[in-house]
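Heads up, the thing below is written out as structure tokens.
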Amino acid sequence: MSKLKVLFHVNENDRWNVALGNITNLIKDVGEGNVDVVVLANGPSVAAYTDAEKIEIMKGLSEKGARFLACRNSLKKMCADNVICINEENLPSFVIVVPAGITEIIKRQHEGYAYVKP
Amino acid sequence: MSKLKVLFHVNENDRWNVALGNITNLIKDVGEGNVDVVVLANGPSVAAYTDAEKIEIMKGLSEKGARFLACRNSLKKMCADNVICINEENLPSFVIVVPAGITEIIKRQHEGYAYVKP
Amino acid sequence: MSKLKVLFHVNENDRWNVALGNITNLIKDVGEGNVDVVVLANGPSVAAYTDAEKIEIMKGLSEKGARFLACRNSLKKMCADNVICINEENLPSFVIVVPAGITEIIKRQHEGYAYVKP
Chain X
1 MSKLKVLFHV
11 NENDRWNVAL
21 GNITNLIKDV
31 GEGNVDVVVL
41 ANGPSVAAYT
51 DAEKIEIMKG
61 LSEKGARFLA
71 CRNSLKKMCA
81 DNVICINEEN
91 LPSFVIVVPA
101 GITEIIKRQH
111 EGYAYVKP
Chain D
1001 MSKLKVLFHV
1011 NENDRWNVAL
1021 GNITNLIKDV
1031 GEGNVDVVVL
1041 ANGPSVAAYT
1051 DAEKIEIMKG
1061 LSEKGARFLA
1071 CRNSLKKMCA
1081 DNVICINEEN
1091 LPSFVIVVPA
1101 GITEIIKRQH
1111 EGYAYVKP
Chain V
2001 MSKLKVLFHV
2011 NENDRWNVAL
2021 GNITNLIKDV
2031 GEGNVDVVVL
2041 ANGPSVAAYT
2051 DAEKIEIMKG
2061 LSEKGARFLA
2071 CRNSLKKMCA
2081 DNVICINEEN
2091 LPSFVIVVPA
2101 GITEIIKRQH
2111 EGYAYVKP
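Residue numbers (this note's numbering), protein chains in the order written: chain X, 1 to 118; chain D, 1001 to 1118; chain V, 2001 to 2118.
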């Protein structure tokens, strides 16, 4: 089997539990060496990167190869909207900030990543 | 026109009506011989496979070629969470159980299936 | 960079703000000549094509190249369900009506468009 490639798109905070469960099941099912997982958070879902309980689960998954991305446009908008201001430097070390999450979602699909909206 | 291939991802119970409406319209629009429809249910949506009214509609669509899949991880989790325990042997005969629904979603896209989240 | 191609699928009215924000960010990020944006509205979301405030934003995006599509099946169903009857002739001039939105979503992916569900 060639390596599976998938981008998980999480744009609402209440979909994180489903997303993290999906990723856990996926890695358990195919083995961590057989899948390339990218998780793109945009919109209000970026707030989960400050949630200790979720960070713990994400960290475990990142150690199995999953990459967690945050949309900079969304971080800025959440702060401008007075929801939450997250300093990029305070994000967990495994989180990668991308300028525009939406562009990342499209580019990854053009590179052969499957799209999943949990 | 070459045959269209599509995977419908249903992971919430309240999206079934939209999904079944979409599939009905699709088959009516292009003709049942011109489309390969796979429906993957994971999460709480697997409970619909015990709903007589929905089963009736699904059965009609399955006779037109649509394949309905259920995620075994989800069936187990729904039972462990005391939501509903569904014995695989009691599922409608047209339902196919797959070990991990999330893996199926990714593999199908790698095989050229379009992804639709109703 | 080759041109990015993307289909945005909007099937609920309350996802329009997210969708229009995503498209605005996308065009700002990559430049309007570098992306081919198609927006497919089906289900209740077609009602937004009568909403003056949203039409204003859509019009601006359409002038930057985004194409807005409406599903005819959905227009008819919304009228049959006594939700809203929209005469196709009264739609904004930049809106293109397609017979079955669901078919369009699949065909576009087969043509290489990425899929995004805002």
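Note that CB positions come from ideal geometry on N, CA and C, so glycine has one too.
Check	Outcome
Cβ-based burial, V/F2010 [other Cβ within 10 Å; buried from 16]	This sequence places Val at residue 2010 of chain V; Phe is not what is there. V/V2010 comes out buried.
Nonlocal neighbours in the same chain, by C-beta distance under 6 angstroms from X/I55, ignoring five residues either side	P92
X/D36, DSSP secondary structure in three states	strand
Cβ distance (whole Å) where V/V2030 is taken to contact V/R2067 below 8 angstroms	Not really, about 17 angstroms apart at Cβ, beyond 8 angstroms.
Simplified DSSP assignment, three categories, for D/V1083	coil
Beta-carbon proximity list for D/S1074, same chain, < 6 angstroms, skipping 5 on both sides	N1042, G1043, V1046
Reference X/D51; option with closest CA among X/N90, X/N34, X/D36	X/N90
Beta-carbon proximity list for V/A2100, same chain, < 6 angstroms, skipping 5 on both sides	N2073
Close beta carbons around D/G1112, own chain, < 6 angstroms, minus the five adjacent residues each side	K1005
Environment of X/I27 [buried if 16+ CB atoms lie within 10 Å]	buried
Cβ of V/V2039 within 8 angstroms of any chain X Cβ	no
Coarse secondary structure for V/A2066, derived from DSSP in three states	coil
Between the CA atoms of D/H1110 and X/A110 - distance to the nearest angstrom	In the sequence as presented, Ala is not what sits at residue 110 of chain X; that position holds His. The alpha-carbon atoms of X/H110 and D/H1110 are separated by roughly 12 angstroms.
Cβ neighbours of D/C1079 in the same chain (closer than 6 angstroms, five flanking residues each side left out)	C1085
Inter-residue CB distance, V/L2069 and V/I2096 (contact presumed, cutoff 8 angstroms)	5 angstroms
Residues within the segment 99-112 of chain X neighbouring chain V, beta-carbon criterion of under 9 angstroms	P99, A100, G101, I102, T103, I105, I106, K107, R108, Q109, H110
Beta-bridge pairing of X/A41 - partner residues as DSSP gives them	X/V10, X/A70
First and last residue of the uninterrupted beta strand (DSSP E) at D/V1097	1095-1098
Cβ-based contacts, 7 angstroms cut-off: residues of the segment 1012-1042 of chain D near chain X	none
V/V2098 and V/N2022 closer than 8 angstroms at C-beta	no
Test item: CB-CB of D/L1007 and D/L1040 under 8 angstroms	yes
Beta-carbon spacing of V/P2118, V/V2018 below 8 angstroms	yes
Which residues DSSP lists as bridging D/A1052, in chain order	Answer is none; D/A1052 lacks a bridge partner.
Where D/K1076 falls: helix, strand or coil (DSSP)	helix
Partner residues on chain X for V/P2044, Cβ-Cβ distance less than 8 angstroms	Ordered by position in chain X, no residue passes the 8 angstroms Cβ test against V/P2044, which lies about 18 angstroms from the chain.
Proximity test, Cβ basis, 8 angstroms: V/N2082 and chain D	no
C-alpha gap between V/N2082 and X/K64, whole angstroms	51 angstroms
CB contact below 8 angstroms: X/K117 versus chain V	yes
Where X/K5 sits in the DSSP three-state scheme	strand
Endpoints, the alpha helix (DSSP H) within which D/A1019 is located	1016-1030
Beta-ladder partner(s) of D/Y1115, from DSSP	D/L1007
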